[in-house]
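Going by my numbering, the first sequence opens with residue 55, and the numbers climb by one from there. Built from N, CA and C at the ideal position, the CB exists for glycine as well.
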Amino acid sequence: MHGPAGWWPAETRFEILIGAVLTQNTAWSNVEKALAGLRECGWLAPETILDAPEAELAAAIRPSGYFNIKARRLRNLCRWFLEAGGFPALERLDTGSLREALLSVNGVGRETADDILVYAFERPVFVVDAYTWRIFERLGLIAERAGYEALRAGVEAAAPGADADFFNELHALLVIHGNRLCRPKPLCGACTLRDTCPAAS
DNA sequence: ACCCAGGGTCATA
DNA sequence: TATGACCATGGG
55 MHGPAGWWPA
65 ETRFEILIGA
75 VLTQNTAWSN
85 VEKALAGLRE
95 CGWLAPETIL
105 DAPEAELAAA
115 IRPSGYFNIK
125 ARRLRNLCRW
135 FLEAGGFPAL
145 ERLDTGSLRE
155 ALLSVNGVGR
165 ETADDILVYA
175 FERPVFVVDA
185 YTWRIFERLG
195 LIAERAGYEA
205 LRAGVEAAAP
215 GADADFFNEL
225 HALLVIHGNR
235 LCRPKPLCGA
245 CTLRDTCPAA
255 S
C-alpha cells in the first residue's frame, strides 16, 4: 500500500556512505543540498574527498548542519574505506565483521553502520532509529527501552530468512511514515479507503 | 519564537 | 551503564 520506497536515493554506491553520515540527525532535504554542493566540487568519491581541504569540504556540506564535525567524519570514513581496500575487499567480509569495521570509524555509530550494511552492502540487517522506537512503543511491541542490539536482533530473529530487500523496505517505511512532517495526503471526503481515493494516491 | 529532522562523541558520575 | 553538553542548518 505504501511502498516500494525505492531507497537508498543515491547515484553511486559510495554516495550511500556519504549520505548516511550527512543525514545524522538531519532532514534529508538538507542532505540533498549538501550532496549537491559536493557534486559541484566533484567530491563524491573517497579519493577526491580526502584530497579536499577540510574547511572547504565543511563549506560544501554546510546545509546539512554540523558541518565541521561531519567534514571530519566523512574524511574518517573515506580514509578507512580506502585503507580497507574499497568495495571489492569489504564485500568479502561477513556481516558481523563488516559491522565491527564500520563501527571502528569515529563518526559511524550503530544506526549509520546498519544503514550502510543494508543499503550499500545489501546485508539483511534491521536498522533501529528514532522512528522505530516511537512506532514500536506506540504499538506496544516493546515494553520499555530495550537496548539497540536487543531490538535489532529481535526483529531480525522475528523475520527468519528475510533478505536485504525486506529490511531495506521495512526501515524505509518506518522512516517515511514516522516522520511528523510527512503526513499522508487527506482523502477526498467521499472516499473511505485510501486505495480507491483518487485524491489521496 | 519554537519544534523537528533518516545521530554520534566525549566528559562526567 | 547512563545521563548531559555539544555539534548547526533549514522547513513547518
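Roughly how many angstroms lie between the CA atoms of residue i and residue j, to the nearest whole one?
i	j	result
C251	I189	26 Å
F135	P214	31 Å
C245	H56	18 Å
A74	T166	6 Å
W61	Q78	16 Å
A114	I196	41 Å
Y120	L76	9 Å
V159	L247	47 Å
Y185	G208	17 Å
N233	F141	32 Å
R127	L147	22 Å
L111	G161	16 Å
P63	G243	33 Å
R72	A204	Here residue 72 is Ile; the residue named in the question, Arg, does not match the sequence. Between I72 and A204, the C-alpha separation is close to 27 Å.
C95	D105	11 Å
A219	W82	Looking at the sequence shown, residue 219 is not Ala but Asp. Roughly 21 Å separates the two Cα atoms.
L228	R206	14 Å
L241	D183	29 Å
L92	R133	17 Å
In three-state DSSP terms, what is residue i?
i	result
D168	helix
T250	helix
H231	helix
G139	coil
W62	coil
D219	helix
A88	helix
H225	helix
F180	coil
C242	coil
F175	coil
Y185	helix
S118	helix
L147	coil
V209	helix
W82	helix
T102	helix
Throw me the rounded Cβ distance for the residue i and residue j pair, which I believe falls under 8 Å.
i	j	result
I70	I170	7 Å
E108	A125	5 Å
T66	S118	Contact doesn't hold; Cβ gap of about 18 Å is too wide.
Specify whether the segment 174-192 and the segment 142-161 touch according to this definition: at least 3 beta carbon pairs, one from each stretch, less than 8 Å apart. yes
Between the segment 182-197 and the segment 92-102, do three or more beta carbon pairs fall short of 8 Å? no
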